[in-house]
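Note sheet for the following structure.
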Amino acid sequence: MRLGFLVDLSRCMGCMACAVSCKTENDVPLHSWRLRVKYIDQGEFPEVKRHFVPLRCNHCENAPCERICPVSALHYLPNGIVNVDHNRCIGCASCMMACPYNAIYIDPITNSADKCTYCAHRIEVGMMPACVVACPTHANIFGDLDDPESEISKYLKEHKDVMVRKPELNTKPKHFYVRGSTVALDPLASERPEGYTLFTEVKFLDHIGGH
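Counting from 1 along the sequence shown, just add 9 to a position and that's the residue number in the working numbering.
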């Protein structure tokens, strides 16, 4: 068994149900996330389109976080999930620096690393991850990549536009996207006109206080 995740971006409507259910299920601190939904606006008014992209741990087959952990707190489960042993973690944050997807945070309560585990505690008892259950459009598809009859395997076989984040790093992510765009998954793919930033034109007050 080799569990993986796929998001059909044509179905994602940015409702944040996955992110909210993840926080509730895993008691994620308010300032942190195991799963977040990014959005990218593309085009020029009135021809503008907004892309939504759910982001979570990629559970890489060649995971930098697992290799760098000095106490093996990050480890592979037999089903391919990259899990976290909070009892072993010493909070050194090496995994945070090693992860190219910014998917790991330090829990301020336990002072240990935490991230998406595909809801391993639910998988263990035969349930689906909380985000999969909560998605109203079935954009999140989860299953066994080694089973040719699983929904995720059929999706990957039927779609030619399968994408992963940062494929050039050779981390071999098990988190896939279909019906997406390069702009949505690669921050450097967006056009940024020269000199156009939030602070392009800085102004000062003529005077402070009074009339």
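Just so you know, even glycine gets a beta-carbon here, dropped at the ideal spot from N, CA and C. The structure presented is a predicted model; accordingly, all values stated were derived computationally and were not measured.
query                                                                                                                     : result
Where I118 falls: helix, strand or coil (DSSP)                                                                            : coil
Exposure of G52, with buried meaning 16 or more beta-carbon neighbours within 10 Å                                        : exposed
Proximity of A28 and V46 at Cβ, strictly below 8 Å                                                                        : yes
Nearest to N35 (by Cα), restricted to the options C140, V16 and A72                                                       : C140
N149: first and last residue of the uninterrupted beta strand (DSSP E) it sits in                                         : N149 to D153
Buried versus exposed, by CB contacts within 10 Å (16 or more), N67                                                       : buried
Uninterrupted alpha helix (DSSP H) stretches inside the region 87 to 114 (no shorter than 4 residues)                     : 103 to 107
Inter-residue spacing [alpha-carbon to alpha-carbon] between K183 and N92                                                 : 14 Å
Cβ shell of R65 (< 6 Å), same chain only, five flanking positions each side left out                                      : L44 and C125
Exposure of D17, with buried meaning 16 or more beta-carbon neighbours within 10 Å                                        : buried
Outcome for L12 when other beta-carbon atoms lying within 10 angstroms are tallied against a minimum of 16                : buried
For K166, three-class secondary structure by DSSP                                                                         : helix
Where the alpha helix (DSSP H) through P73 begins and ends                                                                : P73 to I77
Beta-carbon contacts of C98 that lie in its chain and below 6 Å, excluding the five residues immediately before and after : A82, S121 and A122
Neighbourhood of C31 by C-beta distance below 7 Å, restricted to the same chain and skipping five residues each side      : V37, R43, L44, A139 and C140
Three-state secondary structure (DSSP) of E133                                                                            : coil
Which of helix, strand or coil DSSP assigns to V192                                                                       : helix
Assigned exposure category for P63 - 16 Cβ within 10 Å defines buried                                                     : buried
Neighbour-count burial assignment, V80, 16 or more Cβ in a 10 Å radius                                                    : exposed
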